[in-house]
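Scroll down for the structure; my scribbles are underneath it.
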């Protein structure tokens with residue numbers, strides 16, 4: 001049997017009447033999502049700032065602890081990679097083809113004695129005296145050194161796959177150590193990562209003012225959020241970051257295809273960092289925008305596309321939460337999704353008939 005659907009009605013103009021009728025319910029459910037996300041966004045914003053630098057001379061209250069954890073896990077990765085190097089040095093070892101890649105990973109993690117060049121050395125920002133300048137450079141050094149570790153890890157795992165040694169105990173020990181390290185890294189310096197990525201895009205787009213301008217403005221907005229001395233302003237500053245990322249995304253999408261090649265990698269790197277953070281703030285922001293759009297649609301019948309756009313943004317941010325985090329807003333999001341679906345899917349994928357296959 002073959003299902004045939006009416007795709008001609010998969011357009012906002014066909015949803016408008018049903019959307020308008022359901023707009024009050026969508027508004028109520030969106031407000032419930034926003035209200036629930038509010039406290040979680042405050043917790044999220046506090047955590048992201050306290051595990052980062054707060055200017056060039058001040059560390060967040062949890063950054064030193066995270067940096068010490070990073071040093072510990074970097075040492076574990078060094079030890080695991082060095083075990084492969086030692087084994088691979090044996091003339092008859094089946095791991096011999098992995099020796100060079102394992103050495104590169106080991107040295108990217110830590111060089112003994114007195115490491116100052118690997119990730120372990122960069123993580124010494126943990127001992128940087130509070131009130132002393134230079135933190136911004138040290139934080140970005142951690143980011144750069146982790147990227148070298150990640151690249152070396154990827155090369156080693158690819159080589160292990162080629163020789164079918166992914167399950168060798170020494171290889172799996174490296175895999176575990178790297179993932180433990182990444183788990184710590186992913187929970188620190190995230191605003192600095194976003195700031196650096198926006199600056200990198202701005203520099204790459206130096207001959208494209210339509211993109212470099214918004215990227216520079218985004219970088220400044222991120223810095224304001226990161227370095228903010230007034231915690232009560234965290235959400236407002238995060239909202240500015242969200243709005244400015246939208247402008248960067250729009251500017252990038254409007255570039256002629258021939259001009260995107262020189263900035264694509266930097267834009268994708270920025271997007272990857274952005275998508276991994278501030279998701280409760282995004283849910284609060286876009287659900288508030290959705291409630292406003294639904295109210296306007298209900299009152300005047302205009303801009304149903306804004307309802308669709310903002311619901312999709314809420315859904316995207318929700319999907320980017322981890323499974324545990326989703327549970328905090330799952331009930332309210334499910335209620336919103338049901339009301340929205342009743343309007344949208346009344347026409348979308350509308351079933352017409354069944355034909356024999």
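Numbering (the UniProt record's numbering), first residue to last: 1 to 357. All residues carry an ideal CB built from backbone N, CA and C; glycine is no exception. Since the structure is predicted, the reported quantities are computational estimates derived from the model, not experimental observations.
Closest residue to residue 190 among 309, 83 and 67 (Cα-Cα distance): A check of alpha carbon separations from residue 190 across 309, 83 and 67 identifies 67 as the nearest.
Residues near residue 187 by beta carbon distance below 7 Å, same chain, minus five either side: Hits under 7 Å: 51 and 66.
Alpha helix (DSSP H) segment containing residue 239, residue limits: Run containing residue 239: 234-253, per the alpha helix (DSSP H) assignment.
Residue nearest to residue 40 in terms of C-alpha spacing, selected from 344, 343, 83 and 324: Proximity to residue 40 across 344, 343, 83 and 324 peaks at 324, based on C-alpha coordinates.
Minimum C-alpha distance to residue 99 - residue among 109, 112, 83 and 110: Closest by alpha carbon: 83.
With 16 other Cβ atoms within 10 Å as the buried cut-off, status of residue 70: Taking all protein chains shown into account, residue 70 has 16 or more neighbouring C-beta atoms within 10 Å of its C-beta and is therefore buried.
Member of 232, 251 and 164 whose CA lies at the smallest distance from the CA of residue 43: For residue 43, the nearest C-alpha among the options comes from 232.
Neighbourhood of residue 294 by C-beta, 7 Å cutoff - its chain only, sequence neighbours within 5 removed: Taken in chain order, the residues that qualify are 23, 26, 27, 30 and 307.
Same chain only: Cβ atoms within 7 Å of residue 274, ignoring 5 sequence neighbours per side: Closer than 7 Å at the Cβ level, and outside the excluded window around residue 274, lie 194 and 245.
Selected residue, minimal CA-CA separation from residue 328, among 36, 104, 72 and 296: Distance check between residue 328 and each of 36, 104, 72 and 296 places 36 closest, using alpha-carbon atoms only.
Bridge partner(s) assigned by DSSP for residue 53: Paired residue(s): 59.
Within 9 Å, strictly: CB atoms of residue 119 and residue 85: Against a cut-off of 9 Å, the Cβ pair of residue 85 and residue 119 comes out as no contact.
Rounded separation between residue 105 and residue 202 - CA only: Cα-Cα distance, rounded: 30 Å.
Cα-Cα separation, residue 367 to residue 280: An answer regarding residue 367 cannot be provided, because it is not within the stretch 1 to 357 covered by the chain.
The region 167-179 touching the region 127-141, judged by at least three CB pairs closer than 8 Å: The region 167-179 makes no contact with the region 127-141: fewer than 3 CB pairs, one atom from each, lie closer than 8 Å.
Collapsed DSSP secondary structure at residue 387 in the structure displayed: Here the chain covers residues 1 to 357 and nothing more, so residue 387 does not appear.
Exposure of residue 101, with buried meaning 16 or more beta-carbon neighbours within 10 Å: By the neighbour-count rule (16 or more Cβ atoms within 10 Å), residue 101 is buried.
Minimum C-alpha distance to residue 165 - residue among 91, 97, 80 and 79: Looking from the CA of residue 165, the closest CA among 91, 97, 80 and 79 belongs to 97.
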